Amino acid sequence: MDRGKAPVAEWPSSILSQLPPSRLLRLSCGIFEQNAYECPIALEIMVDPVQCSDGLVYERSSIESHIQTRQEMETLRLARDENDEEQDETRCGGPRGAIRVTSPCTNDELTSLHLVSAIELQQTIQMLISAPSNPLGLSDEEVEDWKVRKAQLGS
69 MDRGKAPVAE
79 WPSSILSQLP
89 PSRLLRLSCG
99 IFEQNAYECP
109 IALEIMVDPV
119 QCSDGLVYER
129 SSIESHIQTR
139 QEMETLRLAR
149 DENDEEQDET
159 RCGGPRGAIR
169 VTSPCTNDEL
179 TSLHLVSAIE
189 LQQTIQMLIS
199 APSNPLGLSD
209 EEVEDWKVRK
219 AQLGS
């Protein structure tokens, strides 16, 4: 589902339950803002941003989880396909025996699973979080959540 286009009321409760209350309030008012500092999967300010082969930047743990889940799904598909003697070679978007991992945003196949740390973006986010003027417009709860996640990384 493209969360950027679907009305918030149609988003799965599993996604909505993970959002901080201040974000839910903005979303319920029809305010959907995606910024360069926010992971398009987790919908929160990134702590450990990485660039993926689709050219987009994600929170490392979110894109790693996405890749792992897609690999597991493809492995199950391949096992199922091996048991299906009438399997069409191109069913499920790829040739039999191929493991495909797709971008969570574009749904295009990722050409590489290598993730590149976005150091400059990480430093910019750190600077903005630390700024007394709160240029990101985050609530105290969102700032504290970011700091807790940063501390958990050991940085």
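Its first residue numbered 69, the sequence shown is counted upward by one per residue in our numbering.
Here a beta-carbon is modelled for each residue, glycine too, at the ideal position from N, C-alpha and C.
Remember, it's a predicted structure, so these values are computed and weren't measured experimentally.
For residue i, which residues of its own chain have a beta-carbon under 6 Å away from its beta-carbon, when the five flanking residues on both sides are left out?
i, result
"Q136", "none"
"P117", "V125, A186, L189, Q190"
Quick check: residue i and residue j, are their CB atoms within less than 8 Å of each other?
i, j, result
"P172", "H134", "yes"
"R168", "E142", "yes"
"A233", "E127", "With the chain running from 69 to 223 in the structure shown, residue 233 is simply not present."
"V211", "I197", "yes"
"S180", "S129", "no"
"R138", "T170", "yes"
Report buried or exposed for residue i, applying the criterion of at least 16 other Cβ atoms within 10 angstroms of its Cβ.
i, result
"Q155", "Residue placement at Q155 is poorly supported in this model, since its pLDDT is 49, which falls under 50; the coordinates still yield a value, given next. Flag for Q155 reads exposed."
"R112", "Per the sequence shown, the amino acid found at residue 112 is Glu instead of Arg. By the 10 Å Cβ count, E112 comes out buried."
"L178", "buried"
"E209", "exposed"
"L206", "buried"
Identify every residue that forms a DSSP beta bridge with residue i.
i, result
"V118", "Y126, S185"
"I113", "E106"
Going by beta carbon distance, what residues of the same chain come within less than 7 Å of residue i, once the five residues before and after it are set aside?
i, result
"T174", "D122"
"E150", "none"
"R217", "V115"
In chain order, what residues of the same chain have a beta carbon less than 8 Å from the beta carbon of residue i, not counting five sequence neighbours either side?
i, result
"E106", "E112, I113, M114"
"E132", "L183"
Practice task
Would you list, in sequence order, the uninterrupted alpha helix (DSSP H) runs of no fewer than 4 residues that lie entirely inside the region 162 to 216?
Solution key: For the region 162 to 216, whole alpha helix (DSSP H) runs of length 4 or above, ordered along the chain, are 187 to 198.
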